[in-house]
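**Student:**
Number of protein chains: 2
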Amino acid sequence: MDLFQALRERRSCRNYDSRPVEPEKIQQILEAGGWAPSVMNKQPWRFIVIQNQNIKEHIKFSCEETLNYMHQVSGWKWLGKYPLDYLMDAPVLIAVIANPKDTGAEQFLPDRGEGYAFSCCAAIQNMLLAAHGLGLASLWFSLYEKDKVREIIGISPEMDLVSMIVLGYAAGEVPNVPRKPVAELTTVVE
Amino acid sequence: MDLFQALRERRSCRNYDSRPVEPEKIQQILEAGGWAPSVMNKQPWRFIVIQNQNIKEHIKFSCEETLNYMHQVSGWKWLGKYPLDYLMDAPVLIAVIANPKDTGAEQFLPDRGEGYAFSCCAAIQNMLLAAHGLGLASLWFSLYEKDKVREIIGISPEMDLVSMIVLGYAAGEVPNVPRKPVAELTTVVE
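If you're matching them up, the sequences are chains A and B in order.
No gaps in the numbering here: position 146 of the first sequence is 145 in numbering that gives the first Met the number 0, and each next residue is one more.
No gaps in the numbering here: position 99 of the second sequence is 98 in numbering that gives the first Met the number 0, and each next residue is one more.
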């Protein structure tokens, strides 16, 4: 697939069918993640590929509790009725974790030290694009409590659960989401 | 360019020639950024395109001070002799900024609220890939003090300077950097 087609067409998908993802596609997606840029070339990302329905069910249950909590605290109505079925329907979840010590010199500046997490984000975006290029759908998922999901998956305490990826084949068309015109987003300093 | 070729071939470049970047390529790169996924589709990214040599010189001077400071605090030797000429040689810097209020429901969880910044990282990775696809070289740059560069560029106080991109044509070949094998990075939970 053409790069610019992938950049334009990739969408966040919340509706999956149960068709399994081919192991070689998962491999290609993880490799795409590994090609991301990283702070001081630390390549801090580690990938946990979760395909066990029982563990996914635990994660879904935990995230439903999290949504209830956020609903109460925020007063945001949609959080009270946001379905997380995609955590069960999609055959693959990938937890992207990293050790915050695997960061760059920015750690010596006040309120910094984000390099390890930003590197993981670059890897995640590569993976979402690769998924699209392979005919798969994906979602960058962040509505979880780190400590709870860490315990369910068995992540060691020194690792940060940076984000999760939902991966599978879309059920139906993935809705298009409009984008702001670039001119509205940009200031040019000549 | 093929998506997977771009994912594999993109490199961090620290050596630029002074050939200007065509405005339509800058436009395509910003558009690629705008197609990134974002938390609650907030599209929090704002782009400041800096081509003024005088402002770039101020940024370089500020970052040299920052490197000196980090060198002293960290004891990391390379920081004392890390040249920042690329900030002047590359014709374009892009500051990616965002309002931390443009984040998602994760803000209601302890020590969270990173969604706006992670969305910007997705946009940046899209932009680096687009740059490569257009024959340009780039660098994800984070060795700056936010308050100092904010003042030089004139960023309003509510906006976070998430990261900067260095953009231009490479002078010579961009060195290849080896990657860890995916098997070393991955745990599979069947």
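Ideal Cβ positions, reconstructed from N, Cα and C, are used throughout, including at glycine.
A quick note: this is a predicted structure, and the numbers were derived from the prediction, not measured.
Put residue 35/A into one of helix, strand or coil per three-state DSSP.
**Tutor:** coil
**Student:** Restricting to Cα atoms, I'd like to know which of 160/B, 92/B and 182/B is closest to residue 19/B.
**Tutor:** 92/B
**Student:** Bridge partners for residue 104/B per DSSP, in chain order?
**Tutor:** Paired residues: none, contrary to the question.
**Student:** Please report how far the alpha carbon of residue 106/A lies from the alpha carbon of residue 113/A, in whole angstroms.
**Tutor:** 7 angstroms
**Student:** My understanding is that residue 127/B touches residue 43/A, with C-beta atoms under 8 angstroms, so please give their C-beta distance in whole angstroms.
**Tutor:** Between residue 127/B and residue 43/A, the beta carbon gap of about 18 angstroms keeps them out of contact (Cβ cut-off 8 angstroms).
**Student:** So is residue 59/B buried or exposed if we call it buried at 16+ other beta carbons inside 10 Å?
**Tutor:** buried
**Student:** Quick check: residue 95/B and residue 28/B, are their CB atoms within less than 9 angstroms of each other?
**Tutor:** no
**Student:** In three-state terms, what does DSSP make of residue 139/A?
**Tutor:** strand
**Student:** To the nearest angstrom, how far is it from the Cα of residue 83/A to the Cα of residue 63/A?
**Tutor:** 7 angstroms
**Student:** Less than 6 angstroms between C-beta atoms, sequence neighbours within five positions excluded: which residues of the same chain meet that for residue 31/B?
**Tutor:** The answer, listed in chain order, is 125, 126 and 129.
**Student:** Count the CB pairs spanning the region 169 to 184 of chain A and the region 3 to 20 of chain A that are closer than 8 angstroms, and state whether there are at least three.
**Tutor:** When Cβ pairs closer than 8 angstroms are counted between the two stretches, the region 169 to 184 of chain A is seen to touch the region 3 to 20 of chain A, the count reaching three or more.
**Student:** Which of helix, strand or coil does DSSP assign to residue 18/A?
**Tutor:** coil
**Student:** Taking just the CA atoms, how far does residue 161/A sit from residue 144/A?
**Tutor:** 11 angstroms
**Student:** So which of 72/A, 108/A, 102/A and 141/A has the shortest CA-CA distance to residue 118/B?
**Tutor:** 141/A
**Student:** Given that residue 144/B touches chain A, what residues does it touch there, using C-beta distances under 8 angstroms?
**Tutor:** Going along chain A in sequence order, the residues near residue 144/B (Cβ under 8 angstroms) are 108.
**Student:** Would you list, in chain order, the members of the region 169 to 181 of chain A that have their beta-carbon closer than 9 angstroms to a beta-carbon of chain B?
**Tutor:** Listed by position, the residues of the region 169 to 181 of chain A near chain B (Cβ gap below 9 angstroms) are 176, 177, 178, 179, 180 and 181.
**Student:** Under DSSP, the beta strand (DSSP E) around residue 94/A begins and ends at which residues?
**Tutor:** 91 to 97
**Student:** Leaving aside the five residues before and after residue 50/B along the sequence, list all residues of the same chain whose C-beta is less than 7 angstroms from its C-beta, in chain order.
**Tutor:** 90 and 91
**Student:** Quick check on the burial criterion: 16 or more other C-beta atoms within 10 angstroms. Buried or exposed for residue 34/B?
**Tutor:** With 16 or more other Cβ atoms within 10 Å, it is buried.
**Student:** To which residues does DSSP link residue 46/B through a beta bridge?
**Tutor:** Beta-bridge pairing links residue 46/B to 185/A and 95/B.
**Student:** Tell me, which residues are paired with residue 169/A by DSSP?
**Tutor:** 15/A
**Student:** Are the C-beta atoms of residue 0/B and some chain A residue less than 9 angstroms apart?
**Tutor:** Yes, contact with chain A.
**Student:** Cβ closer than 8 angstroms: which chain B residues qualify as neighbours of residue 164/A?
**Tutor:** The premise fails here: residue 164/A is roughly 11 angstroms from chain B at the closest Cβ pair, so nothing lies under 8 angstroms.
**Student:** Flag this pair as yes or no: are the beta carbons of residue 102/B and residue 45/A separated by less than 9 angstroms?
**Tutor:** no
**Student:** Roughly how far, in whole angstroms, is the beta-carbon of residue 24/A from the beta-carbon of residue 133/A, given that I think they are within contact range, below 8 angstroms?
**Tutor:** About 5 angstroms separates the beta carbon of residue 24/A from that of residue 133/A, a gap short enough to meet the 8 angstroms contact definition.
**Student:** Check whether chain B comes within 9 angstroms of residue 135/A, counting only Cβ atoms and requiring the distance to be less than that.
**Tutor:** no
**Student:** On a CA-only basis, which of 167/A, 184/A and 178/A is nearest residue 22/A? Give me that one, please.
**Tutor:** 167/A
**Student:** Would you check if the distance between the CB atom of residue 86/B and the CB atom of residue 78/B is smaller than 9 angstroms?
**Tutor:** no
**Student:** Does at least one heavy atom of the ligand SAH sit under 8 angstroms from the Cβ of residue 120/B?
**Tutor:** The ligand content of the structure shown is nil, which means the ligand SAH is not present either.
**Student:** Name the one or two DSSP bridge partners that residue 190/A has.
**Tutor:** In this structure chain A extends from 0 to 189, so residue 190/A is not present and cannot be described.
**Student:** Across which residues does DSSP place residue 110/B in a beta bridge pair?
**Tutor:** In the DSSP output, where bridge partners are listed per residue, residue 110/B has none listed.
**Student:** From residue 61/B to residue 88/A, what does the alpha carbon distance come to, in whole angstroms?
**Tutor:** 50 angstroms
**Student:** Looking at the C-beta of residue 219/B, does it have a partner C-beta in chain A at a distance below 9 angstroms?
**Tutor:** Given that chain B is displayed from residue 0 to residue 189, the structure contains no residue 219/B and the question cannot be resolved.
**Student:** Less than 9 angstroms between CB atoms is the rule here; does residue 56/A satisfy it with respect to chain B?
**Tutor:** no
**Student:** State the CB to CB distance for the pair residue 70/A and residue 151/A, rounded to an integer number of angstroms; the pair is presumed to be in contact (CB under 8 angstroms).
**Tutor:** Not a contact, Cβ separation roughly 21 angstroms.
**Student:** Can you tell me whether residue 195/A is helix, strand or coil according to DSSP?
**Tutor:** Because chain A here runs from 0 to 189, residue 195/A falls outside it and cannot be looked at.
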